[in-house]
Structures are given as structure tokens and as C-alpha cells.
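Residue numbers (full-length UniProt numbering): 1 to 136.
Only one structure is covered here, and it is reproduced in the block below.
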Amino acid sequence: MTNCIPRRKELEELFSLLESEDSSVKSQFKNSQDQNTKNTQKIVALEKLIKATQANIKDVIKKMPGLTGEPLGYVQRELWGFEEELKRQQQERDYLTALNTKVDESVNAYKKRLQELEDELKKYTIELQDPKICGQ
1 MTNCIPRRKE
11 LEELFSLLES
21 EDSSVKSQFK
31 NSQDQNTKNT
41 QKIVALEKLI
51 KATQANIKDV
61 IKKMPGLTGE
71 PLGYVQRELW
81 GFEEELKRQQ
91 QERDYLTALN
101 TKVDESVNAY
111 KKRLQELEDE
121 LKKYTIELQD
131 PKICGQ
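Okay, here's the thing in C-alpha cells:
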């Protein structure tokens, strides 16, 4: 072959590196999607807890002195406890929502990189099949 381009070894090494990165990015992509799913499930559960806690607060308010005869201190402590729980639940929900936003950004970046890797792998596959590529 007179028109032989001695790049086969270089192309095979690049191809191997790209396959390795592709595998790694696919794993990160899947892990990010799994984390997003778990966080979403937690957010849904927290929303239900928040609604239940809000209902408990409404029930406590109905017990306010003058309505039921319950001691004021007891009702205030119960109300304060529910309000603190509600605040904690809302903070956790907000944290998970923000975290999911970051995870979504990661998922999109991984998707983009996977597409780039797929394109590069196709390019090198075609190049490696070229009969002009030979040797080391």
C-alpha cells in the first residue's frame, strides 16, 4: 500500500479511551437519574406530610381557649411543635427541590457528553475501517 496512513494504533487508543469515558458517563448519567427519582419521591412524601401537618395546625387552632376549654399552654406548645415540624418539612422539601435542579443540570450535561462521545466513536469507527489506515 503506497497511500497507507500509519495511524491505526493511535486511533485504536483514542477509540479505547472514548469507550471508557462513554461507559463512565453512562454510569454517572444513570446514577444522577436514580438520585433524581429518589429525591422526587421524597418531595412527594414531604408534600403529603406538609399537608397533614397543616391540617394538624388547623385542628390545634380549633382547640384554642374559649372554644374547647383546653389549657392555653398545652395548645400553644402543641401548635409550636407542629409549626416547627412544618418549617423543617418545608426546608427539606426546598433543599431537595434545589438539589433536583442541580441533578437535572448534571443529567443534561451527561446527555450532551454522551451524544458527543457517540459521535466521536462513530467517527473513529469509520476511520478505523478505512483501508488507507494501517500500521502503527
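Idealized CB from N, CA, C, for every residue including glycine.
On a predicted model such as this, the values are computed, not experimentally measured, just so you know.
Local Cβ density within 10 Å of residue i, reported as buried at 16 or more and exposed below that
i: Met1; result: Note that Met1 scores 46 on pLDDT, short of 50, meaning its location in the model is unreliable; the coordinates nonetheless yield the value given after this. By the neighbour-count rule (16 or more Cβ atoms within 10 Å), Met1 is not buried but exposed.
i: Thr53; result: buried
i: Gln89; result: buried
i: Tyr110; result: buried
i: Asn100; result: buried
Nearest-angstrom Cα separation, counted from residue j out to residue i
i: Arg7; j: Leu14; result: 11 Å
i: Leu46; j: Leu11; result: 52 Å
i: Trp80; j: Asp59; result: 13 Å
Cβ-Cβ separation, residue j to residue i (assumed contact under 8 Å), whole Å
i: Arg113; j: Val25; result: 5 Å
i: Ser106; j: Ser20; result: Not quite, the Cβ-Cβ distance comes to about 20 Å (not below 8 Å), so this is no contact.
i: Leu121; j: Leu18; result: 5 Å
i: Leu57; j: Glu83; result: This sequence places Ile at residue 57; Leu is not what is there. Between Glu83 and Ile57 the Cβ distance is about 7 Å, and since that is below 8 Å, they are a contact.
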